[in-house]
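Going by numbering that gives the first Met the number 0, the residue at position 109 of the sequence shown is 108; the numbering climbs one at a time, nothing skipped.
Cβ atoms here follow ideal geometry from the backbone N, Cα and C, with glycine treated the same way.
Presented below is the structure to which this report refers.
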Amino acid sequence: MYKSFTFKTPSIVFGMDAINQVGIEAKKLNAKRVLFLTGPNVKKAGHGERVMSLLKDEQIETELSILERSTPEPTTDIAENTAKLARELKVDLIIGMGGGSIIDVAKMSAALLNNPLKVRDYFGKEKLPNRGIPTIMIPTTSGTGAEVTKHAIFLDEENGVKKAVASSNLLPDTAIIDPLLTVSCPAKVTASSGMDAFLHAAEPFLSKEANLLTDCIALKAIRLISKWIGPAFANGEDMEARYYMSLGSLMAGLVLNNSGTSLVHALAYPIGGEYHVPHGPSLTCILNSCLNYIKVAKQERLAMIAEAMGERIEGLSEREAAQLAIDAIRNLLVKLGLPTSLTDLNITDKSKVGKWAIDGYAEQRLLSRSPRVLSVEDIKTIYENAF
Ligand SMILES: [Fe+2]
0 MYKSFTFKTP
10 SIVFGMDAIN
20 QVGIEAKKLN
30 AKRVLFLTGP
40 NVKKAGHGER
50 VMSLLKDEQI
60 ETELSILERS
70 TPEPTTDIAE
80 NTAKLARELK
90 VDLIIGMGGG
100 SIIDVAKMSA
110 ALLNNPLKVR
120 DYFGKEKLPN
130 RGIPTIMIPT
140 TSGTGAEVTK
150 HAIFLDEENG
160 VKKAVASSNL
170 LPDTAIIDPL
180 LTVSCPAKVT
190 ASSGMDAFLH
200 AAEPFLSKEA
210 NLLTDCIALK
220 AIRLISKWIG
230 PAFANGEDME
240 ARYYMSLGSL
250 MAGLVLNNSG
260 TSLVHALAYP
270 IGGEYHVPHG
280 PSLTCILNSC
290 LNYIKVAKQE
300 RLAMIAEAMG
310 ERIEGLSERE
320 AAQLAIDAIR
330 NLLVKLGLPT
340 SLTDLNITDK
350 SKVGKWAIDG
360 YAEQRLLSRS
370 PRVLSVEDIK
380 TIYENAF
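Below is the structure:
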């Protein structure tokens, strides 16, 4: 009843042209020499030059590193090599600009400068003993929330499973969110990262770790994302849609960081790792099945989600309104061209279910927040219902 909680966030700079603050923010962190990590597309769009020129205006030296990768999630050695580079270059700040993967690499490599082991040694909850060097994160998609979270996700190549480092010591110092940077984000990524953001609000709202502060932010994030994801998907240059999607994604990231995701994210890991499915589709393909399974525990909250999504719930029973939320989410996924089942991803081999269930069950860091207690058998049923 009288729940205690903490609320952690980096400094946030949000707004159209917020990127212009990067030099000033770097100076506040006493930067003299920066490692600037970004991807080929961001560089092509000209944002890289802009950041470097803004840093130069503040007499800050910049070393640029363009990250290329061949898997949806970065591998651990990318973060380790980047940390090695940062050490050789003797930088005192790391800036990550791009999608979730680049931000995760930037966070982790900064941390590795003050923590002696390999990425693999820090998988799990609060295993990083020291904070890294200061960081500034600048997202170019609306969805991962990585700029305001303490998580970094990597592909552990040894066993082909995606794993997370979840530690307060990974939380960036500053997040600069500029909706104008998301204009070049392709429609498909807008849809999948937008629904990832939706889940960063909805999953914690349905979880055991929800609190009144994150509830308020989550419901507003759900409202914004449900309203604006369609327009942003349909026309990437709709600035009002980009503005509110960026804001919704930021808010969802804050909810994720402070109340945490649960079964959908946990059970997506084995699918994403084995089939190299990107994060967004790996979530949406099992979402309907997950929500149906926990509906019995969270009818009232699902009804609140339906209302936040703009559905009419007057005159409906709580059970009907809860089902309306699940149906509305499914309809939204279909409109956005996202998979709503494993079959939609051409994953048809049901003999794998037993192994996934064991791997999924191992994600207790997330499953411990599930509103319905889940055994390996329960998880098997969820996967079976997702074909
Ligand atoms: Fe996510």
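Distance between beta carbons of residue j and residue i, contact taken as under 8 Å
i	j	result
Ile304	Ala201	6 Å
Ile93	Leu34	5 Å
Ala231	Arg222	That belief does not hold up - the Cβ atoms of Ala231 and Arg222 are roughly 15 Å apart, past 8 Å.
Arg364	Gly123	7 Å
Leu290	Ile328	7 Å
Leu335	Met194	7 Å
Ile285	Leu301	Contact doesn't hold; Cβ gap of about 17 Å is too wide.
Asn114	Pro128	6 Å
Ser261	Leu366	7 Å
Gly235	Val276	Not quite, the Cβ-Cβ distance comes to about 23 Å (not below 8 Å), so this is no contact.
Met250	Ala209	So it is not a contact: roughly 15 Å between Cβ atoms.
Ile378	Tyr274	The Cβ separation is near 17 Å, so there is no contact.
Residues of its chain near residue i, where Cβ-Cβ distance is below 7 Å and the 5 sequence neighbours each way are ignored
i	result
Ser100	Arg68, Glu72, Pro73
Ser192	Thr140, Ser141, Gly142, Thr143, Gly279
Val375	Ala356, Ile357, Tyr360
Val41	Gly47, Met96, Gly97, Thr139
Ser245	Ser141, Ile176, Pro178, Thr181
Glu299	Glu317
Cys184	Thr139, Thr140, Gly235
Residue interval of the beta strand (DSSP E) (run including residue i)
i	result
Ser152	Per the sequence shown, residue 152 should be read as Ile rather than Ser. Per DSSP, Ile152 belongs to the beta strand (DSSP E) from 150-155.
Pro269	Per DSSP, Pro269 belongs to no beta strand (DSSP E); it is in the alpha helix (DSSP H), 262-274.
Lys349	Here Lys349 belongs to no beta strand (DSSP E), and DSSP marks it neither H nor E.
Ile132	Ile132 -> no beta strand (DSSP E), and no H or E assigned at all.
Ala165	160-165
Phe388	The structure shown has nothing for residue 388, since the chain only spans 0 to 386.
Other residues of its chain near residue i: CB distance less than 8 Å, five sequence neighbours each side excluded
i	result
Thr380	Tyr292
Lys161	Glu72, Ile152, Phe153, Leu154, Asp155, Tyr268, Gly271, Gly272
Leu462	This structure leaves residue 462 out entirely; the chain is present only between 0 and 386.
Lys117	Thr75, Glu79
Ile23	Glu57
Leu282	Met194, Asp195, Leu198, Val263, His264, Ala267
Asp237	Pro230, Ala231
Lys149	Lys7, Ala165, Ser166, Ser167, Asn168, Leu169, Leu170, Asn256
Val295	Arg371
Ala233	Ala186
Leu337	Ala190, Ser191, Met194, Gly279, Pro280, Thr283
Asn19	Leu53
Lys126	Asp120, Val164, Ser166
Pro9	Met136, Glu146, Val147, Leu170, Pro171, Asp172, Thr173, Ala174
Residue-level contact to chain D via CB, residue i, 9 Å cutoff
i	result
Ile94	Protein chain content of the structure displayed is limited to a single chain, and chain D is not contained in it.
Cβ neighbours of residue i in the same chain (closer than 6 Å, five flanking residues each side left out)
i	result
Glu60	Arg32
Tyr382	Val352, Trp355
Glu310	Leu323, Ala327
Tyr243	Leu223, Trp227
Ala320	Ala302, Ala305, Ile312
Phe4	Asn210
Asn384	Ser288
Boundaries of the alpha helix (DSSP H) in which residue i is found, first to last residue
i	result
Ser100	99-111
Ile357	352-360
Lys379	375-383
Val254	238-258
Ala78	75-88
Leu341	Run containing Leu341: none; DSSP gives neither H nor E here.
Arg371	It is not in any alpha helix (DSSP H) - Arg371 carries neither H nor E in the DSSP assignment.
Arg364	363-366
Contact test: residue i Cβ vs ligand 2 heavy atom, cutoff 8 Å
i	result
His46	Absence of ligand 2 is noted for the structure shown, with ligand 1 being the only ligands found.
Requested in this report: Only counting runs of 3 or more residues, tell me where the beta strand (DSSP E) segments fall wholly within the stretch 18-67, in order along the chain.
Outcome: 32-37, 60-65
Requested in this report: List in chain order: all unbroken alpha helix (DSSP H) runs of 4+ residues lying wholly within the stretch 173-233.
Outcome: 186-205, 211-233
**Report entry** Contact between the stretch 257-268 and the stretch 349-365 (3+ Cβ pairs under 8 Å)
**Finding:** yes
Report task. Pick out the complete alpha helix (DSSP H) segments inside the stretch 280-328, 4 residues or longer, and give them in chain order. Result -> 298-307
Query raised in the report: Using 8 Å as the threshold, is the stretch 203-213 in touch with the stretch 180-192, meaning 3 or more CB pairs across them?
Result: no
Query raised in the report: Does the pairing of the stretch 80-91 with the stretch 164-172 give three or more beta-carbon distances under 8 Å?
Result: no
Query raised in the report: Counting Cβ pairs, one atom from each stretch, are 3 or more of them under 8 Å apart for the stretch 45-54 and the stretch 108-119?
Result: no
Requested in this report: Decide yes or no for the touch test of the stretch 6-25 against the stretch 173-183: beta carbon pairs closer than 8 Å, at least 3 of them.
Outcome: yes
Query raised in the report: How do the stretch 322-341 and the stretch 243-260 stand: do at least 3 beta-carbon pairs fall below 8 Å, yes or no?
Result: no
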